[in-house]
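Residue numbers (this note's numbering): 11 to 274. We put the beta carbon where it would ideally sit given N, CA and C, even for glycine. Below: one structure, written as structure tokens.
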Ligand SMILES: Cc1cc2nc3c(=O)[nH]c(=O)nc-3n(C[C@H](O)[C@H](O)[C@H](O)COP(=O)(O)OP(=O)(O)OC[C@H]3O[C@@H](n4cnc5c(N)ncnc54)[C@H](O)[C@@H]3O)c2cc1C
């Protein structure tokens with residue numbers, strides 16, 4: 011990667027203007043993924059002078075600056091309290107602490123990485139992404155959006171609620187990308203089931219969620235039916251890490267296990 015100019019922005023407006031000055035200009039989060047890129051950029055815009063590295067707990071939600079590192083995110087008590095710790099647990103499974111001290115939560119979301127162990131669990135919560143100069147989207151809307159992002163992600167807002175979560179990363183080794191990752195959350199809005207590294211990016215299993223959420227009580231046969239709905243409606247594929255049928259089998263085992271865990 012070749013970067014001609016570096017700009018440490020002093021205001022969000024300056025960062026936004028600089029980003030849109032040239033089509034190859036980019037924002038740097040932690041830079042861990044960008045460093046591996048082979049494309050050239052006219053200017054890299056650094057947001058580190060803009061106090062975007064804070065996590066603030068409010069009465070009904072948690073605000074997370076886009077430059078918060080994965081490590082600060084993982085060990086923050088407000089994040090650890092979400093769903094009895096499954097979000098923190100997921101973040102803690104990414105590479106080592108040194109790496110997580112660098113990679114940012116904003117870069118992890120904006121990258122729409124198909125293997126992401128962050129996007130899959132975050133999809134199971136009520137999340138808003140806040141952009142500069144204006145605009146907000148749910149995480150699901152952002153993942154479906156197309157084209158180059160011309161705005162700056164400033165913060166992520168997570169609704170606080172009392173619930174229980176489950177996360178499972180299946181990989182060949184602890185440092186490998188996931189072959190499949192699964193997150194399940196049961197809170198006041200009902201069940202949310204998300205699967206990522208399918209090998210596509212995290213997605214919600216809406217049909218299974220809708221089925222479970224209209225029940226008064228969930229029996230074992232309902233769990234089995236929800237698992238069938240996941241297998242039928244969520245798209246799985248093959249790549250060098252695993253084939254479609256293996257991923258489908260993994261989903262069957264771990265969605266069932268996860269549903270039992272959040273119900274226990
Ligand atoms: C070797 C390696 C192994 C990895 N393994 C895993 C793994 O096992 N599981 C996992 O979940 N993840 C993994 N990741 C991904 C990692 O966790 C981060 O998600 C990734 O590095 C992106 O975060 P970053 O801060 O480095 O972003 P950057 O590299 O700085 O940026 C990524 C993208 O986001 C854009 N961007 C960043 N911040 C903003 C912003 N505020 N507004 C607008 N655009 C922005 C950048 O322009 C760029 O396009 C791995 C990454 C690497 C390099």
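Taking the C-alpha atoms as reference points, what is the distance between residue i and residue j?
i	j	result
residue 93	residue 156	31 Å
residue 49	residue 101	28 Å
residue 265	residue 187	19 Å
residue 140	residue 193	23 Å
residue 67	residue 23	26 Å
residue 211	residue 235	24 Å
residue 74	residue 201	24 Å
residue 231	residue 95	28 Å
residue 226	residue 259	28 Å
residue 166	residue 175	19 Å
Excluding five sequence neighbours on each side, which residues of the same chain lie with their C-beta closer than 6 Å to the C-beta of residue i?
i	result
residue 17	28, 53, 55
residue 277	Because the chain in this structure spans residues 11 to 274, residue 277 falls outside the shown range and cannot be described.
residue 277	The structure shown has nothing for residue 277, since the chain only spans 11 to 274.
residue 246	208, 254, 257, 258
I need the boundaries of the alpha helix (DSSP H) containing residue i, first residue and last residue.
i	result
residue 109	107 to 110
residue 120	115 to 120
Across which residues does DSSP place residue i in a beta bridge pair?
i	result
residue 15	53
residue 213	205
residue 69	Residue 69 is not bridged to any residue.
residue 96	Residue 96 pairs with nothing; no bridge assigned.
Below 7 Å CB to CB, which residues in the same chain sit around residue i once its five sequence neighbours on both sides are set aside?
i	result
residue 90	98
residue 30	160
Would you give the residue range spanned by the beta strand (DSSP E) that residue i belongs to?
i	result
residue 137	137 to 142
residue 164	162 to 169
By Cβ distance below 8 Å, which residues in the same chain neighbour residue i in space, the five residues on each side in sequence not counted?
i	result
residue 172	197, 198
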